[in-house]
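Engineer:
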Amino acid sequence: MFSMSYETLLIKTNDNILTIILNKPKSMNAFSLTMFNELNDAFNEINKREDIRVLIIKGAGRTFSAGGEMEMLNTLNQLKGAKLEKTLTGIISLASKFMKLRQPTISSIHGYCLGVGCSIAMLSDIRIASEDAVLGLEFVGMGIIPDTGALYSLPRIIGLSKAKELALTNRRVNSQEAEKIGMVNSVVPRDQLETKVEKVACQIASLPPIAIEMTKKLLNDSLRQNLDEILRYEALAQTICLNTEDHKEAVSAFLSKRKPFFTGK
């Protein structure tokens, strides 16, 4: 159980899989300062939990998230200079915390996935969308820049030129185009989204947690390292993995032709 309840989030657990539901359906799950703070607290707790192997993030109601709340923008507009920059730094740092979570993350996207909602989704490890999903940055149309990690993640996902196109034109894309350019990993009918996401989450959760965690970290780090650096870290991580109980269990299960049971040790 989580140590606190939330105003804007619902937390559900199913074995080793935890789901965060953005829970402001009346406002299409628009991000508020409260939601940012609560996600920050939730990510802190999740990162410490050995029993959580996969995190799913989704939206309540008919959409993932329509972006940032106007009330939040109005609040920020009252701040000036260093105070505004400090506040924004605290908000936007959520992106780093989310991307650096030990556990693999899956965004389950339906309906609108816009603005900061799109930024958060792009930072997840895997993105699965329903056929009715519509994605877009939609920041410059409000006279501001894409934030919460969008300027980091999107060029790496879809390439610099395509990222510039979407960011500078303020254009939305449907789920089919999003899959084609790599913004989402797969697209399924709306009534199959939950089943598809759970299937992927269960597949990951069934695998050795230490190997999964290290694989995620090394893949993320590879974006800023050269080949020789990656090879050194591969050797270090592999040394750790080869000495785990889960590796021994995998070998034993393979030789015995049985299903392995991994404990994360």
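If you read the sequence shown in our numbering, its first letter stands for residue 24, the second for the next number, and so on.
Cβ atoms here follow ideal geometry from the backbone N, Cα and C, with glycine treated the same way.
So the candidates are P178, L242, N97, R213; which of them puts its Cα closest to the Cα of I131?
Structural biologist: What you label residue 131 is simply residue 108 of the sequence shown in a count that begins at 1. The amino acid at residue 131 is misidentified as Ile; the sequence shows Ser. Minimum Cα distance to S131 is reached at R213.
Engineer: Inspect the CB distances between the segment 90 to 98 and the segment 28 to 45 and report whether three or more fall short of 8 angstroms.
Structural biologist: no
Engineer: Check this for me: beta carbons of N46 and T31, under 9 angstroms apart or not?
Structural biologist: For the purposes of this step, residue 46 is taken as the residue at position 23 of the sequence shown. For the purposes of this step, residue 31 is taken as the residue at position 8 of the sequence shown. Their beta carbons are under 9 angstroms apart, which means N46 touches T31 by this criterion.
Engineer: Tell me the DSSP secondary structure of S50 in three-state form.
Structural biologist: As a position in the sequence shown, residue 50 is number 27, starting the count at 1. DSSP places S50 in helix when its eight states are reduced to three.
Engineer: Does the separation of the CB atoms of G172 and G90 fall below 9 angstroms?
Structural biologist: Along the sequence shown, read from residue 1 onward, the residue named residue 172 stands at position 149. Along the sequence shown, read from residue 1 onward, the residue named residue 90 stands at position 67. Cβ distance not < 9 angstroms, so G172 and G90 don't count as in contact.
Engineer: Closest to V196 by CA distance: which of H133, I168, D148, E257 is it?
Structural biologist: One-based indexing of the sequence shown puts residue 196 at position 173. Residue H133 is the option with its Cα nearest to V196.
Engineer: Identify the continuous beta strand (DSSP E) that holds V77 and give its terminal residues.
Structural biologist: The count along the sequence shown starts at 1 and reaches residue 77 at position 54. 77 to 82 is the span of the beta strand (DSSP E), which, as asked, contains V77.
Engineer: Name the residue from L242, Y29, G182 whose alpha carbon lies nearest to the alpha carbon of Y256.
Structural biologist: As a first step, residue 256 must be located in the sequence shown, where it is residue number 233. Checked all of L242, Y29, G182; the closest Cα to Y256 is L242.
Engineer: Considering only residues of the same chain and omitting the five flanking positions on each side of V207, which have a CB-CB separation below 7 angstroms?
Structural biologist: Within the sequence shown, the letter at position 184 stands for residue 207. If we look at V207 and ignore the five residues flanking it on each side, its Cβ neighbours are I132, R150, I151, A152, S198, A201.
Engineer: Using C-beta distances below 7 angstroms, list every residue in its chain close to I115, excluding the 5 sequence neighbours before and after it, in chain order.
Structural biologist: Here residue 115 refers to the residue found at position 92 of the sequence shown. Closer than 7 angstroms at Cβ, skipping near neighbours: D170, T171.
Engineer: So I143 and A83 are in contact, right, with Cβ under 8 angstroms, and what is the actual spacing, rounded?
Structural biologist: Numbered from 1 along the sequence shown, position 120 holds the residue referred to as residue 143. Numbered from 1 along the sequence shown, position 60 holds the residue referred to as residue 83. 15 angstroms between Cβ atoms; not a contact.
Engineer: Return the bridge partner residues of K35 from the DSSP annotation.
Structural biologist: What you label residue 35 is simply residue 12 of the sequence shown in a count that begins at 1. Paired residues: T42.
Engineer: Suppose you measure from the CA of R125 to the CA of E236; what does that come to, to the nearest Å?
Structural biologist: On the sequence shown, position 102 is the one that residue 125 refers to. On the sequence shown, position 213 is the one that residue 236 refers to. So the two alpha carbons sit approximately 6 angstroms from each other.
Engineer: Smallest Cα separation from N100: which of K288, L246, G166, F285?
Structural biologist: Locating residue 100 in the sequence shown gives position 77, counting from the first residue. Ranking K288, L246, G166, F285 by Cα distance to N100 puts G166 first.
Engineer: Can you give me the Cβ contacts of P232 inside the same chain, cut-off strictly under 6 angstroms, excluding the 5 residues immediately before and after it?
Structural biologist: In the sequence shown, residue 232 corresponds to position 209, counting from 1. Cβ neighbours of P232 beyond the five flanking positions: R76, G287.
Engineer: Per DSSP, what kind of secondary structure is V220 in: helix, strand or coil?
Structural biologist: Taking the first residue of the sequence shown as position 1, residue 220 is located at position 197. Reduced to three states, the DSSP call for V220 is helix.
Engineer: Apart from the five residues just before and just after D148, which ones in its own chain have a Cβ nearer than 6 angstroms to its Cβ?
Structural biologist: Reading the sequence shown from its first residue, position 125 is the one you call residue 148. So the qualifying residues of the chain are P127, T128.
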